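Engineer:
Number of protein chains: 2
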Amino acid sequence: MTPVTILGTGMALPAREVSAAEVEQLASLPAGWVMRHSGVRRRFFAEHETASSLGAKAALQALQRAGLELGQVDCLVAACGTYEQALPCRASLMHRQLGLSPVVPAFDVDSTCLSFATALDLLSLAVAAGRYQHVLIVSADLASPGLNWRDPESCTLFGDGAAAAVIGSGPSGRILACAMETHSQASALCEIRGGGSRIHPRHYTPDREGEFLFAMDGPALFKLVAQTLPSFFDRLLQQAGVSRQQVLVIPHQASQPSLEKLRRRLALPPERFFNVVADYGNLIAASLPAALHLAVESGQLKRGDLVVLLGTSAGVSLGGMVLEF
Amino acid sequence: MTPVTILGTGMALPAREVSAAEVEQLASLPAGWVMRHSGVRRRFFAEHETASSLGAKAALQALQRAGLELGQVDCLVAACGTYEQALPCRASLMHRQLGLSPVVPAFDVDSTCLSFATALDLLSLAVAAGRYQHVLIVSADLASPGLNWRDPESCTLFGDGAAAAVIGSGPSGRILACAMETHSQASALCEIRGGGSRIHPRHYTPDREGEFLFAMDGPALFKLVAQTLPSFFDRLLQQAGVSRQQVLVIPHQASQPSLEKLRRRLALPPERFFNVVADYGNLIAASLPAALHLAVESGQLKRGDLVVLLGTSAGVSLGGMVLEF
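Just so you know, the sequences run in chain order P and U.
Going letter by letter, the first sequence gives residues 537 to 861 in the working numbering.
Going letter by letter, the second sequence gives residues 537 to 861 in the working numbering.
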């Protein structure tokens, strides 16, 4: 049990809204394909925005909702799944965008789509230990530059965006349980092989493009998740000492069909399973904090409520956290 | 004050040793240039090794030194400055190399060259809180794929390698003080602009190669560090309640000339300032834990000794930690 309060949340999206019909054009798909297969009717693609500029915007909203000034932040954590540039780390770029004082340290925590949950777990322990007072956790991902338009299964799922939360010790709030598993034998099911030291961008040629783009084996991934996530979820609830009837589950917004199948496997009614993927697509690491923000803004999540952040990530990891909000 | 024991350390290098003379050939430099300017007489470049294979090797040595089995590890953290591939996170790839059980979570902590210190800080808090028993922190970086052979100032400094530490609660050991500052207004002084969403590898062409390679403004970086690190170091010692006469300083092994200038500015005698950069080059994030490992193996750092891990990173960040080893 770690005492921590999510003092405020925020979200930022690029200006350009992209419809299902436009994605069908980009990917040379027949009309209706996107809604039938990915269920994402709308997503946003960055044009002039950068991940760090969107992250900074989301961070400022989170501070505003928390009633805090930028000067009250004493740690900045970037919790992303994509990179803005190969060096330095993403938190430094956000720190610069926000114009934070040098006394505020900035670093990244990365577990791909679960980065926000991992950062929330670690930094809650740091807040509880008195190491920091107010930590900004910012997830900002641009999926669109790395999409493979020849792979309809994946390119129709994602959107760009950012979300943030500011945490601290507060009058209420605690983490009741937290867990993560890494099924690394399946790490090649969801990857971008190029872009690092294994296949450096130097080796890029147009005929090798696919190696530098997102690739996944959707059916194999879903099979692994279907086999492992339900019992993981049960153990998490048990560890927290709560029942599925008491919680709102906020899942990583992976894709409409997989979310719907997952909801049934977890035996949750629609009103206890937060699903907004149709409006934003899969925002990678920003997906979980964006959904958290939207649940708070819509009034579906209130102080004192029990909430489960639950998700899967490339790697392949399962992660979950039961919070008293 | 966080109780934590560094139970064991390890290090791994690629098989291929590269002399100063060979670097002079690669970079078309006159004989003697490398020793005069970078002072790195030897470094290792990966051929068949990957960052994760070197990281796994270093991790196994750390476990062996700690007298622990792989099955006793309950968390794996990759603390690197470079990427092996764009997705998934580096810890998943190391987890797979090590063949760890799915119950062991794997994630990254990244503050570029300071990643190891940041991870040690955060995970020590997690160990102290009882969240984990034995955490493997592994730093593995391949610098060589991203070096710019037309930039002698930077390409002569780096080497490839990995280092690891396993931490837990133990009979002794504690962190007496820990601090980090991020001077993000200087983030462009040391960067690789391409490779992420800002300049995706898709946009690579041979004439844009420089944007995908390491670039730094050495003199401006050194000026910033010279202005800020001495007082940062003094505050750190003060926070820990120790004097410079009591500690062994293990600095990030950036480059021979900058280390020597730094030692003088910190007013430390050579025997209290650990410097092995001539033998390995700058190993990026692996530099700090590799130096820690070499200090332990050589007998210069013993149980109960006071040690300061101190460094700078792209971003630009300063970081330091006073440990009772």
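The beta-carbon is built from N, C-alpha and C at its ideal position, and this holds for glycine as well.
Bear in mind the structure is a predicted one, so any value in this text is a computation, not a measurement.
Which chain P residues are close to threonine 654 of chain U, counting only those with a beta carbon under 7 Å from its beta carbon?
Structural biologist: Numbered from 1 along the second sequence, position 118 holds the residue referred to as residue 654 of chain U. The answer, in chain order, is Phe643.
Engineer: In or out: alanine 627 of chain U buried (at least 16 other Cβ within 10 Å) or exposed?
Structural biologist: Position 91 of the second sequence, counted from the start, is the residue given in the question as residue 627 of chain U. With 16 or more Cβ atoms within 10 Å of its Cβ, alanine 627 of chain U is classed as buried.
Engineer: Within this structure, are the beta carbons of leucine 784 of chain U and phenylalanine 810 of chain U separated by less than 8 Å?
Structural biologist: Taking the first residue of the second sequence as position 1, residue 784 of chain U is located at position 248. Taking the first residue of the second sequence as position 1, residue 810 of chain U is located at position 274. In this structure, phenylalanine 810 of chain U lies closer than 8 Å to leucine 784 of chain U by Cβ.
Engineer: Please look up how many angstroms separate the CB atoms of valine 640 of chain U and threonine 718 of chain P, rounded, as I've assumed it's under 8 Å.
Structural biologist: The count along the second sequence starts at 1 and reaches residue 640 of chain U at position 104. The count along the first sequence starts at 1 and reaches residue 718 of chain P at position 182. Indeed, because the Cβ distance is near 6 Å, the residues count as touching under 8 Å.
Engineer: Does any C-beta atom of chain U lie closer than 8 Å to the C-beta of aspartate 743 of chain P?
Structural biologist: By 1-based counting over the first sequence, the position of residue 743 of chain P is 207. For aspartate 743 of chain P, the answer is no, since every Cβ of chain U falls outside 8 Å of its Cβ.
Engineer: Spell out whether any CB of chain U is found under 8 Å from the CB atom of threonine 541 of chain P.
Structural biologist: Here residue 541 of chain P is taken as the residue at index 5 of the first sequence, counted from 1. So no, threonine 541 of chain P is outside the interface.
Engineer: Which chain U residues are close to glycine 754 of chain P, counting only those with a beta carbon under 8 Å from its beta carbon?
Structural biologist: To locate residue 754 of chain P, count along the first sequence from 1; it is residue 218. The premise fails here: glycine 754 of chain P is roughly 15 Å from chain U at the closest Cβ pair, so nothing lies under 8 Å.
Engineer: Helix, strand or coil, according to DSSP, for glutamate 833 of chain U in the structure here?
Structural biologist: The count along the second sequence starts at 1 and reaches residue 833 of chain U at position 297. Three-state DSSP puts glutamate 833 of chain U in a helix.
Engineer: Pull up the distance between the alpha-carbon of isoleucine 711 of chain P and that of valine 540 of chain U, whole angstroms please.
Structural biologist: Counting from 1 along the first sequence, the entry for residue 711 of chain P is found at position 175. Counting from 1 along the second sequence, the entry for residue 540 of chain U is found at position 4. In a straight line, the C-alpha of isoleucine 711 of chain P is about 23 Å away from that of valine 540 of chain U.
Engineer: Could you check which residue in P/Glu583, P/Gln721 and P/Leu606 has the C-alpha nearest to that of alanine 642 of chain U?
Structural biologist: Here residue 642 of chain U refers to the residue found at position 106 when the second sequence is read from its first residue. Per the Cα distances, P/Gln721.
Engineer: Straight-line CA distance for phenylalanine 768 of chain U to aspartate 610 of chain P?
Structural biologist: The sequence position of residue 768 of chain U within the second sequence is 232, counting from 1. The sequence position of residue 610 of chain P within the first sequence is 74, counting from 1. When the Cα atoms are used, phenylalanine 768 of chain U and aspartate 610 of chain P turn out to be separated by approximately 17 Å.
Engineer: Mind listing the chain U neighbours of arginine 734 of chain P? Cutoff is C-beta to C-beta under 7 Å, in chain order.
Structural biologist: What you label residue 734 of chain P is simply residue 198 of the first sequence in a count that begins at 1. Result: Thr586, Glu620 and Gln621.
Engineer: Do you know whose CA, among P/Leu683, P/Ala664 and P/Ala713, lies nearest valine 844 of chain P's CA?
Structural biologist: Numbered from its first residue, the first sequence carries residue 844 of chain P at position 308. Minimum Cα distance to valine 844 of chain P is reached at P/Ala713.
Engineer: Which runs of the alpha helix (DSSP H) fall wholly inside the segment 538-568 of chain U and span at least 4 residues, in chain order?
Structural biologist: 556-562
Engineer: Check the Cβ-Cβ distances between histidine 631 of chain P and every residue of chain U, and say whether any is below 8 Å.
Structural biologist: To locate residue 631 of chain P, count along the first sequence from 1; it is residue 95. Judged by the 8 Å Cβ criterion, histidine 631 of chain P is in contact with chain U.
Engineer: Since alanine 592 of chain P and glutamine 633 of chain P should fall inside the 8 Å C-beta cutoff, what is the C-beta to C-beta distance between them, to a whole number of angstroms?
Structural biologist: The sequence position of residue 592 of chain P within the first sequence is 56, counting from 1. The sequence position of residue 633 of chain P within the first sequence is 97, counting from 1. Confirmed, about 4 Å.
Engineer: Apply the 10 Å Cβ neighbour rule to aspartate 646 of chain P and answer buried if 16 or more other Cβ atoms are within range, or exposed otherwise.
Structural biologist: Mapped onto the first sequence, residue 646 of chain P falls at position 110. Label assigned to aspartate 646 of chain P: buried.
Engineer: Based on the DSSP output, what are the partners of aspartate 770 of chain P in its beta bridges?
Structural biologist: The count along the first sequence starts at 1 and reaches residue 770 of chain P at position 234. Beta-bridge pairing links aspartate 770 of chain P to no other residue.
Engineer: Establish whether the CB of threonine 848 of chain P and some CB of chain U are separated by less than 8 Å.
Structural biologist: As a position in the first sequence, residue 848 of chain P is number 312, starting the count at 1. No, because no Cβ of chain U sits closer than 8 Å to the Cβ of threonine 848 of chain P.
Engineer: State the DSSP-derived secondary structure class of serine 723 of chain U, mapped to helix, strand or coil.
Structural biologist: Along the second sequence, read from residue 1 onward, the residue named residue 723 of chain U stands at position 187. Three-state result, serine 723 of chain U: helix.
Engineer: Counting only Cβ pairs nearer than 7 Å, list the residues of chain U close to glutamine 721 of chain P.
Structural biologist: Taking the first residue of the first sequence as position 1, residue 721 of chain P is located at position 185. Residues of chain U passing the Cβ test: Arg632.
Engineer: Could you pull out every residue in the same chain whose Cβ sits closer than 7 Å to the Cβ of threonine 538 of chain P, ignoring the five residues on either side in sequence?
Structural biologist: Looking up residue 538 of chain P in the first sequence gives position 2. Once the five neighbours on either side are set aside, the close Cβ partners of threonine 538 of chain P are Ser660, Leu661, Ala664, Arg710 and Ile711.
Engineer: Between the segment 806-826 of chain P and the segment 573-583 of chain P, do three or more beta carbon pairs fall short of 8 Å?
Structural biologist: yes
Engineer: Which ranges does the alpha helix (DSSP H) cover as unbroken runs of at least 4 residues, wholly within the segment 687-746 of chain U, from first to last along the chain?
Structural biologist: 688-691
Engineer: Are the segment 568-577 of chain P and the segment 788-795 of chain P touching by the rule of at least three beta carbon pairs closer than 8 Å?
Structural biologist: yes
Engineer: Listing by chain order, which chain U residues have their CB less than 7 Å from the CB of leucine 678 of chain P?
Structural biologist: Residue mapping note: residue 678 of chain P aligns to position 142 of the first sequence, counting from 1. In chain order: Ser733.
Engineer: Report the residue from P/Ile786, P/Ser823, P/Ala821 and P/Ser690 whose alpha carbon sits nearest the alpha carbon of proline 867 of chain P.
Structural biologist: Since the displayed chain P opens at 537 and closes at 861, residue 867 of chain P lies outside it and no answer follows.
Engineer: What residue range is occupied by the uninterrupted beta strand (DSSP E) comprising phenylalanine 750 of chain U?
Structural biologist: To locate residue 750 of chain U, count along the second sequence from 1; it is residue 214. Taken as a continuous stretch (DSSP letters only), phenylalanine 750 of chain U belongs to no beta strand (DSSP E), as it is neither H nor E.
Engineer: Could you give the distance in angstroms between the alpha-carbon of valine 674 of chain U and the alpha-carbon of serine 849 of chain P?
Structural biologist: As a position in the second sequence, residue 674 of chain U is number 138, starting the count at 1. As a position in the first sequence, residue 849 of chain P is number 313, starting the count at 1. Cα to Cα, valine 674 of chain U sits roughly 21 Å from serine 849 of chain P.
Engineer: Any beta-carbon of chain P closer than 8 Å to the one on aspartate 646 of chain U?
Structural biologist: One-based indexing of the second sequence puts residue 646 of chain U at position 110. Closer than 8 Å: yes.
Engineer: With contact counted as at least three CB pairs below 8 Å, one residue from each stretch, are the segment 679-687 of chain U and the segment 594-601 of chain U in contact?
Structural biologist: no
Engineer: Within a Cβ cutoff of 8 Å, which residues of the same chain sit near serine 906 of chain U, ignoring the five residues on either side of it in sequence?
Structural biologist: The requested residue 906 of chain U does not occur in the structure, where chain U is confined to residues 537 to 861.
Engineer: Could you check if aspartate 644 of chain P is buried or exposed, using at least 16 other CB atoms within 10 Å of its CB as the buried criterion?
Structural biologist: Numbered from its first residue, the first sequence carries residue 644 of chain P at position 108. Note on aspartate 644 of chain P: 16 or more other CB atoms within 10 angstroms of its CB, so buried under the neighbour-count rule.
Engineer: I'd like to know if serine 589 of chain U contacts chain P, where contact means its C-beta is closer than 8 Å to some C-beta of that chain.
Structural biologist: Taking the second sequence and counting its residues from 1, one reaches residue 589 of chain U at position 53. Not an interface residue.
Engineer: Does DSSP put glutamate 860 of chain P in a helix, in a strand, or in coil?
Structural biologist: Looking up residue 860 of chain P in the first sequence gives position 324. In the structure shown, glutamate 860 of chain P falls within a strand segment according to DSSP collapsed to helix, strand and coil.
Engineer: Quick one, are the C-beta atoms of alanine 715 of chain U and glycine 856 of chain U less than 8 Å apart?
Structural biologist: Locating residue 715 of chain U in the second sequence gives position 179, counting from the first residue. Locating residue 856 of chain U in the second sequence gives position 320, counting from the first residue. Yes, these two residues count as a Cβ contact at 8 Å.
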